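Undergrad: If you count the sequence shown from 1, you need to add 873 to reach the numbering used here. All C-beta atoms, glycine included, are put in the ideal place defined by N, C-alpha and C. Computed from a predicted structure; not experimentally measured. Got a structure for you, questions after.
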Amino acid sequence: MLSAPWQARPASGVLYLHGFNSGVGSPKAVWVREACAALGLPCVTPQLPHRPTAALALAESRLAELGPEPLLAGSSMGGFLATCLAERHGLPAVVINPAVAPARLVAGWVDEVFVNDTTGERFTVGEAHLAELEALTPERITAPERYLLLLGSRDEVLDPAEAFALYRGARTILHPGGDHGFSALGDYLPAILAHGGHRLPPGWRARQHKEPDDR
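Here it is as structure tokens:
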């Protein structure tokens, strides 16, 4: 049976990272905050810049607010960033439909103009995004037992098989019929918090939220 140092003591806080061009008001970010509030657990869900290097730097700078053993979580591009931090700091992470080859994904968006609904920022994806993502991408996952992987079987943006292959050996939940937005995340918050050594109160349920979600 695998043993891991983070299983000895519950996570001291949760850092949730939203996906590309999303924000702090996404349903998943709201659900994570609500679940942590029910436990009295520190939770940080920063508004991330669209440039990958800046987003990772901001996320890393917030870790100190969460105590010595934070749990990382992220969706899509946020899952990629959570993986970068987990590999860099040896932390446990929950990744939801994570981008496993983000430079390849973003290559299809070069010269496309986006507007962030949360910040109102207007920006264009350029070659610099690809270069930063390529430089940040880990060659491999060094300790898959640190991860909980949540995948939607009908992800319309990313191929679930690629994530399953990269995180092979991780604890994995496959949600039948789940899309890239993983709108059923509220049902899996007990499993997410359990990965960090916490148990939500009996009867706790996520509220419904209808804000636009990330890619």
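If you draw a straight line from the alpha carbon of ARG906 to that of LEU1066, how long is it in whole angstroms?
TA: Their backbone Cα atoms lie some 11 Å apart in a straight line.
Undergrad: For ALA884, which three-state DSSP category applies?
TA: Of the three classes helix, strand and coil, the one that applies to ALA884 here is coil, per DSSP.
Undergrad: Would you grab the beta carbon distance between ALA972 and PHE953 for me? Rounded to a whole angstrom, and I think it's under 8 Å.
TA: Yes, they are in contact, since the Cβ atoms of ALA972 and PHE953 sit about 4 Å apart, within 8 Å.
Undergrad: Nearest to HIS982 by alpha carbon, out of THR992, PHE996, ASP990?
TA: The amino acid at residue 982 is misidentified as His; the sequence shows Trp. It is PHE996 whose Cα lies nearest to the Cα of TRP982.
Undergrad: Would you mind sorting HIS962 into buried or exposed? The rule is 16 or more other CB atoms within 10 Å of its CB.
TA: Exposed.
Undergrad: Check whether the Cβ atoms of LEU945 and ALA966 sit closer than 8 Å, and answer yes or no.
TA: Closer than 8 Å, so yes.
Undergrad: For ASP1086 and LEU921, what's the separation of their Cα atoms in angstroms?
TA: Note that ASP1086 scores 49 on pLDDT, short of 50, meaning its location in the model is unreliable; the coordinates nonetheless yield the value given after this. Answer to the nearest angstrom: the Cα atoms are 14 Å apart.
Undergrad: Identify, in the order they occur along the chain, each residue of the same chain with its Cβ nearer than 6 Å to the Cβ of ASN989, setting aside the five sequence neighbours on each side.
TA: Excluding residues within five positions, the ones whose Cβ falls inside 6 Å are ASN894.
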